[in-house]
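A.B. asks: The structure that follows is given in the form of structure tokens.
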Amino acid sequence: MTYRRKILGLIGGAAVAALATGFSAGTALAQEVTLKLHQFLPAQANVPKLVLDVWADNVEKDSGGRIKVERYPSMQLGGKPPELMDQAIDGVADVVWTVVGYTPGRFPSTEVFELPFMMTNARAVSHAYWEMFEKHMKDTEFKDVHILGTWVHGPGMIHTKDPVEKPEDLQGMKIRGGSRSVNSLLTKLGATPVGMPVPAVPEGLSKGVIDGTTIPWEVTTALKVPELVENHTEFSGKALYTLTFVLAMNKAKYDSLPDDLKAAVDKNSGLEFSVFAGGTQADSDGPARKVAEDLGNNIITIDEAGVAEWRALAQPIYDEWVADMNSKGIDGQALIDEAQMLIEKYTPDYAN
203 MTYRRKILGL IGGAAVAALA TGFSAGTALA QEVTLKLHQF LPAQANVPKL
253 VLDVWADNVE KDSGGRIKVE RYPSMQLGGK PPELMDQAID GVADVVWTVV
303 GYTPGRFPST EVFELPFMMT NARAVSHAYW EMFEKHMKDT EFKDVHILGT
353 WVHGPGMIHT KDPVEKPEDL QGMKIRGGSR SVNSLLTKLG ATPVGMPVPA
403 VPEGLSKGVI DGTTIPWEVT TALKVPELVE NHTEFSGKAL YTLTFVLAMN
453 KAKYDSLPDD LKAAVDKNSG LEFSVFAGGT QADSDGPARK VAEDLGNNII
503 TIDEAGVAEW RALAQPIYDE WVADMNSKGI DGQALIDEAQ MLIEKYTPDY
553 AN
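Each residue of the sequence shown is one higher than the one before, starting from 203 at the first, in our numbering.
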């Protein structure tokens, strides 16, 4: 081989190596990230379809395709719904959506929004929830995760095999409750609360394990509840209850992102997303109610006078909750007062 050919070969090899190194550096520079999003409902249910997929699609778009969100519905990564928060903390999943009340007492400040007859408008309450999360919960109860959104569903109500028009109609019924506050309320009203994650409701109803359930309208269609019970009890004015949700991300995963990818996540998180999520769930109540109407089911609406009786029976729950919070070193009454003030402040902003 001539000297000239050796030189050309060395140059060519160096060019190939440099090109390969360039590709490698470019790939490293891009830092493509996959996020595993885990939750408990079927993919076609309203929250995955109308909220979580929107969040995931927007994060992918705003990251320029460098973030890929893999969606795992119906607990496909394993475990049970009450384990979702720990899955986010431990990194089993990168992002989870869960009902905070699935782990009773673990995130106590969130329960202020789940107290009976606290909820007015899902957007207003979700707004208040985010504001109070940032002030009271971010660096305390939720310090082990990076919270992306906080919200509540639309008015919680009762769906039963036998009609419920008065509190005493619940006597002896086995009713699924979704949180500690809801279960306490059911006990006060004479029912036997049964704790179970919402995906278990259809089987519970069909096998007679429960006589009814407390859920908002929007999730009834995915669970086929209007086909399993014939009676639905809703309340005028403030709702019987609501549940709190969080979209939570593994803290180390979030911290590992480069600034521009953090920005893509941040853009789709926080107050605006929380209000969107809560409002979207509530907006799905109407179509779900129509399904029950079309089936000829009995929809009972408790008027303002009737609601007063239910509220009086629920009052002890407030007193017990304040005492419980105080025992944990949390000023429960101050949280109630602040939540009520914020809800009253923001409700006109989101009135239909």
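Beta carbons are placed, not taken as given, at the ideal position from N, Cα and C, and that holds for glycine.
Identify whether K409 lies in helix, strand or coil by the three-state DSSP scheme.
C.D. replies: coil
A.B. asks: Looking at the structure shown, is F335 part of a helix, part of a strand, or coil, going by DSSP?
C.D. replies: helix
A.B. asks: Do H355 and T444 have their C-beta atoms closer together than 7 angstroms?
C.D. replies: Cβ atoms of H355 and T444: closer than 7 angstroms.
A.B. asks: Among A466, L317, I269, whose alpha-carbon lies nearest the alpha-carbon of L442?
C.D. replies: L317
A.B. asks: Should P310 be labelled buried (16 or more other beta-carbon atoms within 10 Å of its own) or exposed?
C.D. replies: That one is buried.
A.B. asks: Can you tell me the Cα-Cα spacing of T236 and L515, whole angstroms?
C.D. replies: 49 angstroms
A.B. asks: Can you tell which of F344, Q483, A465 has its C-alpha closest to the C-alpha of N452?
C.D. replies: N452 has its Cα closest to that of F344, out of F344, Q483, A465.
A.B. asks: Would G358 be called buried (16 or more neighbouring beta carbons within 10 Å of its own) or exposed?
C.D. replies: Result: buried.
A.B. asks: Three Cβ pairs or more, each shorter than 8 angstroms: is that satisfied between the stretch 262-269 and the stretch 459-479?
C.D. replies: yes
A.B. asks: If you measure between the beta carbons of V297 and L252, is that distance less than 7 angstroms?
C.D. replies: Note that the C-beta distance between V297 and L252 is not below 7 angstroms.
A.B. asks: Between which two residues does the beta strand (DSSP E) carrying R273 extend?
C.D. replies: 269-274
A.B. asks: Under 8 angstroms: do the stretch 330-342 and the stretch 534-547 share three or more Cβ pairs, one atom per stretch?
C.D. replies: yes
A.B. asks: Which value, in whole angstroms, describes the spacing of the CA atoms of R491 and D526?
C.D. replies: 36 angstroms
A.B. asks: Just to confirm my understanding: we take N385, look at its own chain, exclude 5 residues before and 5 after, and list those with CB closer than 7 angstroms. What are they?
C.D. replies: G379, P395, G397
A.B. asks: Just to check my reading of the structure: K455 and G293 have Cβ atoms closer than 8 angstroms, yes? What is that Cβ distance to the nearest angstrom?
C.D. replies: 7 angstroms
A.B. asks: Any beta-carbon of chain D closer than 7 angstroms to the one on D296?
C.D. replies: The structure shown has no chain D; it contains just one protein chain.
A.B. asks: Give the secondary structure of F315 by DSSP, where H, G and I count as helix, E and B as strand, and everything else as coil.
C.D. replies: helix
A.B. asks: Once DSSP output is grouped into helix, strand and coil, what is the label at M375?
C.D. replies: coil
A.B. asks: Report the three-state DSSP secondary structure of I291 (helix, strand or coil).
C.D. replies: helix
A.B. asks: Tell me the DSSP secondary structure of H355 in three-state form.
C.D. replies: Coil at H355, not helix or strand.
A.B. asks: Report the residue from A393, K363, L372, A479 whose alpha carbon sits nearest the alpha carbon of D255.
C.D. replies: D255 has its Cα closest to that of A479, out of A393, K363, L372, A479.
A.B. asks: Less than 6 angstroms between C-beta atoms, sequence neighbours within five positions excluded: which residues of the same chain meet that for S276?
C.D. replies: Result list for S276: P244, in chain order.
A.B. asks: So, V431 versus K368, is the Cβ gap smaller than 7 angstroms?
C.D. replies: For V431 and K368, no; Cβs fall outside 7 angstroms.
A.B. asks: Give me the Cβ distance between V448 and I532, rounded to the nearest whole Å; I'm assuming they're in contact under 8 angstroms.
C.D. replies: That pair is no contact at about 18 angstroms.
A.B. asks: Label Q289 either buried or exposed according to how many other C-beta atoms from any shown protein chain fall within 10 Å of its C-beta, with 16 as the threshold for buried.
C.D. replies: buried
A.B. asks: Quick check on the DSSP output: what are the complete beta strand (DSSP E) runs of length 3 or more inside the stretch 467-536, in order along the chain?
C.D. replies: 500-504
A.B. asks: Determine the DSSP secondary structure at L425, reduced to helix, strand or coil.
C.D. replies: helix
A.B. asks: Would you kindly work out how many angstroms separate the C-alpha atoms of T503 and K440, rounded to a whole number?
C.D. replies: 12 angstroms
A.B. asks: Looking at the secondary structure, which residues open and close the alpha helix (DSSP H) in which V384 lies?
C.D. replies: Element bounds for V384: 382-390.
A.B. asks: Whose CA, out of Y552, W419, P365, lies closest to the CA of N248?
C.D. replies: W419
A.B. asks: By the 10 Å Cβ neighbour count, where 16 or more other Cβ atoms means buried, how is P283 classified, buried or exposed?
C.D. replies: buried
A.B. asks: Taking all protein chains shown into account, do 16 or more other C-beta atoms lie within 10 angstroms of the C-beta of A324, making it buried, or fewer, making it exposed?
C.D. replies: buried
A.B. asks: Closest to V301 by C-alpha separation, out of V403, T352, G280, E540, would be which residue?
C.D. replies: T352
A.B. asks: Going by beta-carbon coordinates alone, are E506 and S438 separated by less than 7 angstroms?
C.D. replies: yes
A.B. asks: In this structure, how does DSSP classify A578 when only helix, strand and coil are distinguished?
C.D. replies: Residue 578 lies beyond the range of the chain shown here (203 to 554); nothing can be said about it.
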